[in-house]
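Student:
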Amino acid sequence: MYCKIHAVAVCLGCVPSLHRTCSGVIPLDKAAENTKHSTALADLEDTLTRTLQNLEQIINDRESAMKNFEDQKQTIKNTINDTQARILKTLDDLEHKLLLELDTKYGNCKSEVNKLLIGMNNSKRDLCCLREQTAQLKSFASDVQFFLERVRSMK
198 MYCKIHAVAV
208 CLGCVPSLHR
218 TCSGVIPLDK
228 AAENTKHSTA
238 LADLEDTLTR
248 TLQNLEQIIN
258 DRESAMKNFE
268 DQKQTIKNTI
278 NDTQARILKT
288 LDDLEHKLLL
298 ELDTKYGNCK
308 SEVNKLLIGM
318 NNSKRDLCCL
328 REQTAQLKSF
338 ASDVQFFLER
348 VRSMK
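Take a look at the structure:
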């Protein structure tokens, strides 16, 4: 049995107690007639079909978007790697240039210091020779000779 007023299926025991005043209690077979061919069922089927199609389209769009995300990620990674390589090359070139400049300046400074050392060593040798000559002069020469030699070396 089916109560049209309450829109529920009811058993024979419930009809006299709960639905005795309901005028729309009919056999369940009669209530189910033509339900397979009703417009409500057809509308439901159409709605479900359209919903499934829409859902498929959304799934395809999201899968396509995911692929685009992966492609964009790879493109960005490649850009980062290329930028890093260019930066490292620039740093390597700069390092090479600075090291060449350092070697040049080091060579120039070393050459100047060597010239200075040679001059100082020559001066040291000359001074040692003069000191030795002075010591010899002092021991062999008279005071007058020593004085004259001193005056001559001042000129």
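Here this note's numbering is used: the first residue of the sequence shown is 198, the next is one more, and so on. Quick reminder that beta carbons are idealized off the backbone N, C-alpha and C, glycines included. These figures come from a predicted structure and were not determined experimentally.
(1) ARG349 to LYS321, Cα distance in whole Å?
(2) Taking the alpha-carbon positions, what's the ASP300 to ILE284 distance?
(3) How far does the alpha helix (DSSP H) with CYS325 in it reach, from first residue to last?
(4) Check ALA204 in the structure and name its three-state DSSP category.
(5) Using a Cβ-Cβ cut-off of 6 Å (strictly less than) and excluding sequence neighbours within five positions of VAL205, which residues of its own chain qualify?
(6) Could you give the distance in angstroms between the alpha-carbon of ASN251 and the alpha-carbon of THR272?
(7) Return yes when the Cβ of TYR199 is within less than 8 Å of the Cβ of LEU225, no when it is not.
(8) From what residue to what residue does the alpha helix (DSSP H) around PRO213 run?
Tutor: In terms of the structure at hand:
(1) 21 Å
(2) 24 Å
(3) Here the alpha helix (DSSP H) through CYS325 covers 236 to 337.
(4) coil
(5) none
(6) Cα-Cα distance, rounded: 31 Å.
(7) Yes; because the gap between Cβ atoms is below 8 Å, this pair is in contact.
(8) 211 to 215
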